[in-house]
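These protein sequence lines map, in sequence, to chains R and Z. Every position in the first sequence, counted from 1, becomes a number in the working numbering once 542 is added. Every position in the second sequence, counted from 1, becomes a number in the working numbering once 914 is added. Don't be surprised by glycine CBs; every beta carbon is placed ideally from N, CA and C. Input: a single structure, listed below in structure tokens.
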Amino acid sequence: MATVYNWQLKRDMAYLYEGQRPKRQIAYVFDTNKCIECQTCTVACKTTWTSGKGQEVMFWNNVETKPYGCYPLRWDLKTLELLGEQSWEGETYTGKTVFEAAPPGERVLGYRPEVEDYASPNLGEDVIAGLVEKGAFFQGVHQVWMFYLARICNHCTYPACLAACPRKAIYKRQEDGIVLIDQSRCRGYRECVKACPYKRVFFNMVTRISEKCIGCYPLVEQGEQPRCVQTCIGKIRLQGWLSAPEAPRRDNPIDYLVYVRKVALPLYPQFGLEPNVYYIPPVHVPRDFLVQMFGPGVDAAIAAYRAAKDDPELLGALLLFGNTPRIVTSYKVQDQQAIGYDEAGREVVRVPFQEPVYIRPYFDAERGVYRHNIT
Amino acid sequence: MRKLLFLSLLSLASLALAQSEVRVRYVNVPADAFPAQDPLAALWQRAPVTRVTLLPQTVTTPSLTAPSVPWLEVQALHNGTQVAFLLRWPDATRNASIDVDRFTDAVAIELPLDHQAPPSFMMGHPGGRVHIIHWKAIWQEDLDQGFQDVASLHPNYWVDLYFFADTPVPLYAEGEFPHHPAARSFKTPEALAQLSGAYVRNPVSILDRRVPVEEAMAEGFGTLTSQPKQNATGRGVWAGGQWQVVISRPLVTDDALDAQLGPGLRSVIAFAVWDGGQQNVGARKHYAPWVPLVFEELPQ
């Protein structure tokens, strides 16, 4: 075991290999407040990557309803139960990670799902957290909460799948930090399936080896965001590059959201993998639940997010979501517009803070028709 | 270096542990009468039985914490050109399918490439290569029952379409379930690309397997590599709570990656057994360290 620094836990931790951050790290920010669980991302991923034989119930991307939704079944509850008490002192995690809590003879603490656990990919959909009082009616604020959690591989800095593979068939690419399973080297031992606490590695019963999200690397290599990001109609996703924690760049929208303003938080950071999908937490959900899920930064993240409308730099970063297929590596705010640039410094997106309003006449004389919607 | 020393000590300890040897009995039979694929042949009665104690693999992680197979019985025959090993072990459950939570029964033999200085029995070590021959129950099932496909595991799966699959009949026949193309009907590069393991010719993902065994080589933990040239064959049957598996190969091959064997040779052999019902897989296995292996001379 080596000792590595996990910035999300604010401390050193044990990991099987020496820490070596990639040249750049793929990272995503998902705004849970905007997700409507239309599953367009899920279908885009499914039709692109997992429509083959043996992938019938395999979803590299899924969207589940929290608190009860889960795919595979109870993935989060099971790992949380296995891990036992998880405690934070301020911003420092004082509990054990899945690496530190590994039982004798194991590299990682984990469990392997059963085949039935994958059988209901959208179990718990739209199920709310409690009961609705008799006679209740909608008064502008929902009385019982739920929210949608979109999930993909976190392309972790310290992947548990990679650590668990006895064949070193899993690797993290130096050029972009994407975690891949070498399909010619894997022998289907399923140690990775067992180790990944997010259960983002899947076993293919036909090829008899394991498969996982590939971060749409053929797109990313061409400067384009992955399919799940491009197709998101709610514009909840932004993919980009996360700098090393000691060198954040303020003009990098991912760095700004994650490191500078800290509005986007990792999912279950206490597992210790330093996951690289960051979530803007839902503003309406009980804080205890959110702290368990996203760590101690929840209150500050929600406060900053709520104030975004009066915060041009933050608003600008949020407006880049879903407005370009290109990967935005830097941005600036100018004249009430958010402007995004690609790696070569070319402008790839320009979003006004306020969409212009065009009022068209009620009667269109040219076409001889009346308009019902004139804006 | 310290690891090597540790493994060498383990090897010495294992030799001390071994109470007997595997004697490869010479039988004067032609190739077609040699039981290369017949674990139930009467000829096996002529081979002495060696019982080998199996140990749970706990040297490296992941390890086997709950062993379930206490021993393995070995018999061996050669006819001057071929060698066959009959391996018999108790296993109450026959596990010959694979899914996320299903594991196959399996057995393997290991031979050193250098008979004078065998490397670590634990998959060899860097510079000390071993030759390993695997047999797996699911591969036997692929041969006996046809490729173990989605329909074998989940007969009620409903799938609208598999992209690019070569379907001899329409996907939907009137009033019937959709036709499910077998994995073997994925032939074009576009179709095979949907089966990434098969597309890159991963030896685990072979759709048209011809033998239930695989020849591999290794130089330490995690280095198992399928050999480009496959010379071995075998067959396994399960009955009455035990597996009987034959693994056979030519004594001498033109493959530089194979251990070369022959009459009069004194070497060593090691074994591994996986109990699929107990989720044994990979390093989670039972093993027996080097056991002396003696080939009988040809009669003068």
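CA-to-CA, the gap between leucine 624 of chain R and lysine 736 of chain R works out to about 12 Å. Taking 8 Å as the upper bound for CB-CB distance, serine 977 of chain Z and glutamine 725 of chain R are not in contact here, some 26 Å apart. Residues of the region 732–761 of chain R with a Cβ closer than 8 Å to any Cβ of chain Z, in chain order: Arg732, Glu733, Val735, Phe744, Phe745, Asn746, Met747, Val748, Thr749, Arg750, Ile751, Glu753. Going by DSSP, phenylalanine 1209 of chain Z is part of the beta strand (DSSP E) stretching over 1200–1209. The beta carbon of tryptophan 958 of chain Z sits closer than 6 Å to the beta carbons of Gln989, Leu1000 from its chain, once the five residues preceding and following it are set aside; these are given in chain order. Across the set R/Gln878, R/Lys714, R/Pro795, the C-alpha of R/Lys714 shows the shortest separation from the C-alpha of lysine 565 of chain R. In this structure, cysteine 755 of chain R sits away from alanine 702 of chain R, with a CB-CB distance that is not shorter than 8 Å. Here leucine 761 of chain R is buried, its C-beta having at least 16 other C-beta atoms within 10 Å.
In the assembly as shown, aspartate 1019 of chain Z is a buried residue. Its beta-carbon has 16 or more other beta-carbons within 10 Å. Put simply, the region 767–785 of chain R does not touch the region 1148–1157 of chain Z. Fewer than three CB pairs are less than 8 Å apart.
DSSP links glycine 730 of chain R through a beta bridge to no other residue.
Shown here is that no member of the region 564–578 of chain R has a Cβ falling below 9 Å from a Cβ of chain Z. Put simply, the CB of proline 708 of chain R is near chain Z, with a gap under 8 Å to one of its CB atoms. For the C-beta of cysteine 728 of chain R, the chain Z residues within less than 8 Å are, from N- to C-terminus, Gly1111, Asn1116, Val1118. Taking CB atoms only, valine 640 of chain R has no neighbour in chain Z less than 8 Å away. Scanning Z/Val936, Z/Val997, Z/Trp985 for the CA closest to the CA of aspartate 1005 of chain Z turns up Z/Trp985.
Less than 8 Å separates the beta-carbon of alanine 998 of chain Z from that of serine 1162 of chain Z.
Our two residues, histidine 1039 of chain Z and tyrosine 610 of chain R, have alpha carbons roughly 49 Å apart in a direct line.
Secondary structure of asparagine 548 of chain R (DSSP, three-state): strand. Chain-ordered, the chain R residues with CB closer than 9 Å to the CB of alanine 1197 of chain Z read Pro708, Tyr731, Glu733. Chain-ordered listing is empty here: chain Z has no CB closer than 8 Å to the CB of valine 721 of chain R, the nearest sitting near 16 Å.
In the structure shown, tryptophan 591 of chain R adopts helical secondary structure according to DSSP, grouped into three states. Chain-ordered listing is empty here: chain Z has no CB closer than 7 Å to the CB of proline 663 of chain R, the nearest sitting near 13 Å.
In this structure histidine 1048 of chain Z does not touch leucine 1025 of chain Z by the C-beta definition: roughly 13 Å separates them, more than the 8 Å allowed. For glycine 1191 of chain Z, the CB contacts under 6 Å within the same chain, skipping 5 residues up- and downstream, are Thr1007, Asn1009 in chain order. Of the other Cβ atoms in all chains shown, fewer than 16 fall within 10 Å of the Cβ of histidine 826 of chain R; this residue is therefore exposed. Proline 1164 of chain Z carries a strand assignment under DSSP once its states are collapsed to helix, strand and coil. Leucine 856 of chain R places its beta carbon less than 8 Å from that of arginine 803 of chain R.
Leucine 832 of chain R and asparagine 818 of chain R have their C-alpha atoms spaced approximately 18 Å apart. Put simply, the backbone Cα of threonine 1102 of chain Z is about 19 Å away from that of glutamine 597 of chain R. Listed along chain Z are Asp1063, Val1064, Val1073, Tyr1076, Ala1079, His1094, Pro1095, Ala1096, Ala1097, Phe1100, Gln1108, Leu1109, each with a C-beta nearer than 9 Å to that of lysine 595 of chain R.
DSSP, reduced to helix, strand and coil, places asparagine 1009 of chain Z outside both helices and strands of the structure shown, so it counts as coil.
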